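Protein sequence lines correspond, in order, to chains A and B.
Reading the first sequence from the start, the letters are residues 1 to 327 in the working numbering.
Reading the second sequence from the start, the letters are residues 1001 to 1417 in the working numbering.
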Amino acid sequence: MTDRTSPTPWTGAGDDAVVDTADRGMVRARARERLARWGFVLPAAAYLLVFFGYPLVKNVELSFQQYTTTTLYSGVAPFAGLRNYAAILTSDLFSEALAHTILFTAGSLLGQFVLGLALALFFQRRFPLGGVLRSLLLLPWLLPLVASGTTWRWMLDPDTGIVNAVVRGLHLSSSGVPWLTGTPQALVSVILVNVWVGIPFNTAILYGGLQEIPPHLYEAARLDGAGPVSAFRHITWPLLRPVVSVVLVLGVAYTVKALDVILTVTGGGPAGSTETLATQAYKLSFQEFEFGRGAVLGNVLMVISFVFALVHLRAGRRARAAGQALT
Amino acid sequence: MISPAGRPTRRIVPCLAAATALLLAATACGGGARAGSPTDKITSITVLDYYTEKSEHDQWDQVLTACGRTAGVRVEQTSVPPASLIPAVLRRASSRTLPDLLMLDNADLQQIAQTGALTPLDRYGVDTRDVAEGILSAGTYQGKVYGLAPYVSTVALFYNKKMLAEAGVAVPDTWDELKAAAARLTRPGRYGMAVDANATFEGTWQFLPFLWSNGGDEKKLDTPQAAQALRLWVDLVKSGSMSTSVLNWTQADVHDQFAAGRTAMMINGPWRIPAMEKDRNLDWGVAPIPVPRAGRTPVAPLGGEVWTVPQNASKARQAKAAEVLNCLNSASTMLTLAGQHHTVPSRGAVAARYAEQNPSMAVFVKGAEGARARTRELGVRWPRAATAIYTAIQSALTGRQTPEEALRQAQRTATRD
C-alpha cells in the first residue's frame, strides 16, 4: 500500500541525478537507509508471520486432516481431503448456525450503532457532569464479559430475574417473557446483551469522529437558516460517513466471532437456538475433539472476516481522502 | 508458586540472561526441567486433578501427601477447573509434559487412553480385585485397565422433608407418583421438581437414569422407551411442575434452587451433601430416582474420577506414581475418601462396610452398585452421543420438536460417520 498523504523524502533527489554525478557517498547512504527501513519492517513482519500467519496456515491445514485427540499425542493426522468440509457444510446445524450468526451480527450492529450514535450526539453538547457520564458509559467495555454475562443471565432468568419482575410489575405480561428459555426469545436476549456490550465502543469512536467536524461548518449552516435536522443530514452525516464505515466493519469482525457472550448467557441453547458458527466451532473442537471439523468452521469465519477486512481497507482509504478534503 | 526447594528461581536467572542474548537459548532451559536419569532417586512426583474447590483440594492434598509418604515421595498437586482439565491434558500430552499421576473423569478415560498417552496398570501390579464392575469397565480400554477410582458416585432424588409433609405427599417411587407429587408440591414461587437439562454433558448425565431405567439405550435413541423418558421431563415442564429454566441450570444452580426453597425435589449427586449439611434450615432426605413402574430397579449413571499413570521417560517415576495410585485405592484410603466426599468406595467389600457405618449413604451405595458407565457401550464415541442427547432434551423441552422427533434427529447426528 502506498501512502499518498505522507511525503516520501527518499525519492526526492531524483534517480537521474544520482547516476549522472555517480556520488558514491549518496549511494551508500541510500543503501543504509534502505537497510534501516527493512530493519523497522522486519520485527513487525516476523511478529505477523509467527502469530498470525502460522496459526492461519495451520488452521487451513487442520481442516483437511482427520485431527483427533490421538493426533495430539501421536502426531499422526491422516489426510481427509474435503471430507470435513462436506460433513460440516451439508449438515443442518451449519445452515442454522449461519442464519443465527447473520441475525446476531445484524441485530447487534443495528442496536449498537443506532444507540451509540444517539449517545455520541447527546454527549456532544456541554452540560454539567457530561464528561463523568461519558466515561461511566465505558463501563460495560471494561467489565470482564464472563462477569457481566453471568449477571445478565441472572437478570433475565424467567422466574426470578429482575427483568421479568419489571415486566410483571408493569402488567405487560402475567407470565413473564421466557428470555432464556424460549427458542426465538433467547436469540433476541443474546443480541440485547451484545448491544449493551457494544454501545461503549460505538459511542467512543463516533464521539471521536464528531469532534473532528469543524464547528464553523455548523455556524455557517445556522447563518443559512439550517435547523438541527438538516444540519445533521447535510453536515454531520456526510462528514461522519468514513468513521461510520470503520465502526461498522470493525463491529462485524468483532460480532461474527463473538463466543464469550453467547457461551455465558445461553451456552448456545435452548435447543441450539443461539448456536452460531463460533460456538459450533468451539464445541466441535473442544467438546467433541473433532479438531479438523472445528477448523472448517474457523475457516468459514476467517473468510467472512477477510471479506469485511477488504471493505475496511477501502473504507480506510476513503476516510483518509475525506480527511484530506477537510483540511 | 515457588517451591520450597528454591530451584525454579535459580533456573530463571540464566534463562532470562540467555533469552535476552539469544531467543533460541530459552528452549534449552525449558527442556531439562523434568529430566532425571533412571538411577536418580525419585523424591517427588507431580499430580494433576480438577479438585479446585478449597476444602476438596485440601482434603485431597492430605490424602495424596499421606500416600506419597508411604511411597517415599513428595507429591506436588496441581488442580485446574473441571472444564479446563481435558484441554490441559491434551496440550500437555502433545508437549510430552504430562504429570506423573493424572486424574480423569471416568467418562473421558477411554478417549485419553486411545491417544496412547496412558499406560496400562497391570505392568505395575496394581490390585484390581473386588473393584465394582461398572467403574472397572469405565477404566478399561481395549481389554486393559488404565484407570482406577477410589470411590464412585451417582445421582439420586433429593427432597425437602418439610415441604413433602406439609403437602401430605409421600416420597415418589414411580414416574406417575413423581408427576403427581411434583404437581402437588408446586406453589406460587416454588416448583415441585428440578433437574439440570442444560446444553452440556451435565444435562445428558441427569437424563441417563430416566433413559436407562426405562430400558432405553444410548446406542439406539429413536426407541419408544427413550421417547417415554423424555416425555416425562416434557410433561413435568408443561404441567408447570418444573421451571422452563431447567434448560439453563447447571447442577450447582439446581442445588441453589433447592437450598433456597424454590423447588421441593431435585436430582443431584452426593457431593452436594456437605453444603446441605451446613444449611441448618434445610431438612432434606434422599431417595432412589423414581422408576417407570413399581418394582423396576433404577439404573443410574456412574460418576467418579479415575487415576492414571501417563507415559513418561522415567520408569522410576512411573513406578512411584503407581505406588501412590495403589495407596489411593487401598481399602483404608478409600474409606477415608468416601467419608470425606460422601461418595461410595469402589471395592465391594469396603462399600458394604461403609454402608453399615453410614446408613444415610445407603441410597448411594445401592445406586452405585447397579450404576452404569457412560462409555460402556459407545467407548470413545460417547461424546458425540452425549451431545446428541442433550440437544434432543432441549428441543423437546422448548417444544421445538416432539420427544420422538427430537430423538430421531439425535440418533441421526449420533451415528453420522
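From the three backbone atoms N, C-alpha and C, an ideal C-beta is built for every residue, glycine too.
Keep in mind it's a predicted model, so treat the numbers as computed, not measured.
So, helix, strand or coil for Ile262 (chain A), using DSSP? helix
With distances taken from CA atoms, which of A:Thr276, A:Leu250, A:Val247 is nearest Val261 (chain A)? A:Thr276
Here's the rule I'm using: 16 or more other beta-carbon atoms within 10 Å means buried, otherwise exposed. How should Leu223 (chain A) be labelled? exposed
Among residues of its own chain, excluding the 5 on either side of Leu239 (chain A), which ones have a beta-carbon nearer than 6 Å to its beta-carbon? Ile213
Cβ of Gly1285 (chain B) within 8 Å of Cβ of Lys1161 (chain B)? yes
Are the C-beta of Phe286 (chain A) and some C-beta of chain B separated by less than 8 Å? yes
Backbone secondary structure at Gln1077 (chain B) - three-state DSSP: strand
Terminal residues of the continuous beta strand (DSSP E) containing Glu1053 (chain B)? Where Glu1053 (chain B) is concerned, there is no enclosing beta strand (DSSP E), given that its DSSP letter is neither H nor E.
How do the region 248-264 of chain A and the region 1333-1348 of chain B stand: do at least 3 beta-carbon pairs fall below 8 Å, yes or no? no
Closest Cα partner of Trp1233 (chain B) within the set B:Thr1415, B:Ala1362, B:Gln1357, B:Ile1393: B:Ile1393
Can you name the residues of chain A whose CB is closer than 7 Å to the CB of Ala1200 (chain B)? The sequence as given places Thr at residue 1200 (chain B); Ala does not occur at that position. The contacting residues are Gly267.
Span of the beta strand (DSSP E) holding Val195 (chain A)? Segment 183-212 is the alpha helix (DSSP H) holding Val195 (chain A); no beta strand (DSSP E) there.
What residue ranges within the region 1327-1401 of chain B form continuous alpha helix (DSSP H) runs of no fewer than 4 residues, ordered along the chain? 1331-1341, 1348-1357, 1362-1369, 1382-1397
Using the beta-carbon count (16 or more within 10 Å), is Asp1196 (chain B) buried or exposed? buried
In the structure shown, what three-state DSSP assignment does Gln1411 (chain B) receive? helix
Would you mind reading off the limits of the beta strand (DSSP E) that contains Leu1282 (chain B)? That residue, Leu1282 (chain B), is in no beta strand (DSSP E); it is neither H nor E in DSSP.
Using a Cβ-Cβ cutoff of 7 Å, what residues of the region 1060-1089 of chain B are near chain A? List them in chain order. Pro1087
For Phe64 (chain A), which three-state DSSP category applies? coil
Under a CB-based cut-off of 8 Å, is Leu1236 (chain B) close to chain A? no
Phe1158 (chain B) lies in the beta strand (DSSP E); which residues open and close that run? 1156-1160
Decide if Asn1281 (chain B) is buried, meaning its Cβ has at least 16 other Cβ atoms within 10 Å, or exposed. exposed
Whose Cβ in chain A lies nearer than 9 Å to the Cβ of Thr960 (chain B)? Nothing can be reported for residue 960 (chain B): it is not among the residues displayed for chain B, which extend from 1001 to 1417.
If we cut at 8 Å on Cβ distances, does Ser1239 (chain B) have a partner in chain A? no
Just verifying my parser: in three-state terms, what is the DSSP assignment at Ser175 (chain A)? coil
Tell me the rounded alpha-carbon separation between Gly1215 (chain B) and Ala1226 (chain B). 8 Å
Proximity test, Cβ basis, 8 Å: Pro144 (chain A) and chain B: no
Residues of its chain near Pro1418 (chain B), where Cβ-Cβ distance is below 6 Å and the 5 sequence neighbours each way are ignored: Because residue 1418 (chain B) is not part of the residues shown, which for chain B are 1001 to 1417, the question remains open.
Exposure of Leu1024 (chain B), with buried meaning 16 or more beta-carbon neighbours within 10 Å: For Leu1024 (chain B), the predicted model reports a pLDDT of 38, less than 50, meaning its position is unreliable and no value from the coordinates is stated.
Using a Cβ cut-off of 8 Å (strictly closer), state whether Leu180 (chain A) contacts chain B. yes
In chain order, each alpha helix (DSSP H) run of at least 4 residues that lies wholly inside the region 1133-1207 of chain B: 1133-1138, 1161-1167, 1175-1185
Based on the DSSP secondary-structure assignment, which residues constitute the bridge partners of Leu1302 (chain B)? Leu1302 (chain B) is not bridged to any residue.
So is Asp159 (chain A) in contact with chain B if we call contact Cβ pairs under 8 Å? yes
Out of A:Arg320, A:Met302, A:Val311, which has the shortest C-alpha to C-alpha gap to Phe52 (chain A)? A:Met302
So what does DSSP say about Ser1044 (chain B), is it helix, strand or coil? strand
Shortest alpha-carbon distance to Pro1150 (chain B) belongs to which of B:Trp1307, B:Asp1173, B:Thr1244? B:Trp1307
For the region 1145-1170 of chain B, list every residue whose C-beta sits within 7 Å of some C-beta in chain A, in sequence order. none
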